[in-house]
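Note that the sequence shown covers residues 2 to 184 in my numbering.
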Amino acid sequence: MKRHLANLIILTVFAILFLVTYWMYSVEKNNLQKAKLSIRGYELYAQERYGELSEYIEKNRLSELKYLLIKTQERSFQNDFSEAISAFNLGNYATTVDIIRKILQNMPPQKRDRYDDCLYLLSLSLVRSERWEEAKIELEELAEMQDSEFQKRAMELLKEVYEKTGDEGKLQGLSKRLEGNEQ
């Protein structure tokens, strides 16, 4: 009887060990699969295939790679902004306007502090390409931004636009406002 009990205990221990081993194998298999998915995500990021990366992260529910989406938005913003600056410096104002408008539509939340930079470059491009009415709209918005480093420059540029378009009423109001700021 003792022998049967000892065999039963040994078999139970081995059964438990087998179950624990199988469970650990399953966990490691899942971890390996997740690691393969993550590596593929990093490959897409390194290859700068951001559209595919976004879809891949959502499709495979890779929450640990979501921070890469923020990085891709920042990198995309920097690339587009640099491209806009280059186009502006080359005198290609229409391209600059298109790029900056795209940036403003897709601006990531962490780059909102650069909104006035983009708006000023857009306004300047519109003025240089003599698109007065569009420039007025953008410059008026920028002139109302109290905490913008471009506010004074925008107001001076807006004054020039009002002179070009013959908008005397707004020109006089802006001139008074500029004089008040100088004092």
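We put the CB at the ideal spot given by N, CA and C, even for glycine.
Tell whether a beta-carbon distance below 8 Å holds between residue 48 and residue 75. Locating residue 48 in the sequence shown gives position 47, counting from the first residue. Locating residue 75 in the sequence shown gives position 74, counting from the first residue. No; because the gap between Cβ atoms is not below 8 Å, this pair is not in contact.
Out of curiosity, what's the CA-to-CA distance linking residue 52 and residue 28? Walking along the sequence shown from the start, residue 52 turns up at place 51. Walking along the sequence shown from the start, residue 28 turns up at place 27. The alpha-carbon atoms of residue 52 and residue 28 are separated by roughly 31 Å.
Pairwise C-alpha distance: residue 63 and residue 184: Taking the first residue of the sequence shown as 1, we reach residue 184 at position 183. Taking the first residue of the sequence shown as 1, we reach residue 63 at position 62. For residue 184, the pLDDT reaches just 49, beneath the cut-off of 50, and the residue's location in the model is therefore unreliable, leaving the point undetermined.
Does the stretch 110-124 touch the stretch 68-85, meaning 3 or more C-beta pairs lie closer than 8 Å? yes
Answer with buried or exposed for residue 67, where buried requires no fewer than 16 other C-beta atoms within 10 angstroms of its C-beta. Locating residue 67 in the sequence shown gives position 66, counting from the first residue. Exposed: under 16 other Cβ atoms inside 10 Å.
Where do the ends of the alpha helix (DSSP H) carrying residue 8 lie? If you number the sequence shown from 1, residue 8 lands on position 7. Where residue 8 is concerned, the enclosing alpha helix (DSSP H) stretches over 3-47.
Among the candidates 176, 107, 150 and 133, whose CA atom is the shortest distance from the CA of residue 121? Here residue 121 corresponds to residue number 120 of the sequence shown, with the count starting at 1. The residue with the shortest Cα to Cα distance from residue 121 is 150.
Please look up how many angstroms separate the CB atoms of residue 73 and residue 43, rounded, as I've assumed it's under 8 Å. Within the sequence shown, numbered from 1, the residue matching residue 73 stands at position 72. Within the sequence shown, numbered from 1, the residue matching residue 43 stands at position 42. Residue 73 to residue 43, Cβ: 12 Å. No contact.
Within the stretch 103-173, ranges of the alpha helix (DSSP H) (whole runs, at least 4 residues): 116-129, 133-144 and 152-166
Three-state secondary structure assigned by DSSP to residue 76: As a first step, residue 76 is located in the sequence shown; it is residue number 75 there, counting from the start. Helix, per DSSP.
Taking the alpha-carbon of residue 78 as reference, which of 39, 59 and 102 has the nearest alpha-carbon? Counting from one through the sequence shown, the residue named residue 78 turns up at place 77. Residue 78 has its Cα closest to that of 102, out of 39, 59 and 102.
Going by DSSP in three states, residue 178 sits in which element: helix, strand or coil? Start at 1 with the first residue of the sequence shown, and residue 178 comes out as number 177. Residue state, collapsed to three classes: helix.
Nearest by alpha-carbon distance to residue 108: which of 89, 95 and 71 is it? As a first step, residue 108 is located in the sequence shown; it is residue number 107 there, counting from the start. The candidate whose alpha carbon is nearest that of residue 108 is 71.
The stretch 86-95 contacting the stretch 122-130, beta-carbon criterion three pairs below 8 Å: yes
Throw me the rounded Cβ distance for the residue 127 and residue 156 pair, which I believe falls under 8 Å. Position 126 of the sequence shown, counted from the start, is the residue given in the question as residue 127. Position 155 of the sequence shown, counted from the start, is the residue given in the question as residue 156. Actually they are not in contact, since the Cβ atoms of residue 127 and residue 156 sit about 16 Å apart, beyond 8 Å.
Just verifying my parser: in three-state terms, what is the DSSP assignment at residue 92? Translated into the one-based positions of the sequence shown, residue 92 becomes position 91. Residue state, collapsed to three classes: coil.
Integer-rounded CB distance, given that residue 175 should sit under 8 Å from residue 159: Taking the sequence shown and counting its residues from 1, one reaches residue 159 at position 158. Taking the sequence shown and counting its residues from 1, one reaches residue 175 at position 174. About 6 Å; that satisfies the 8 Å criterion.
Does the distance from the CB of residue 94 to the CB of residue 129 come in under 8 Å? Locating residue 94 in the sequence shown gives position 93, counting from the first residue. Locating residue 129 in the sequence shown gives position 128, counting from the first residue. The answer is yes: Cβ separation under 8 Å.
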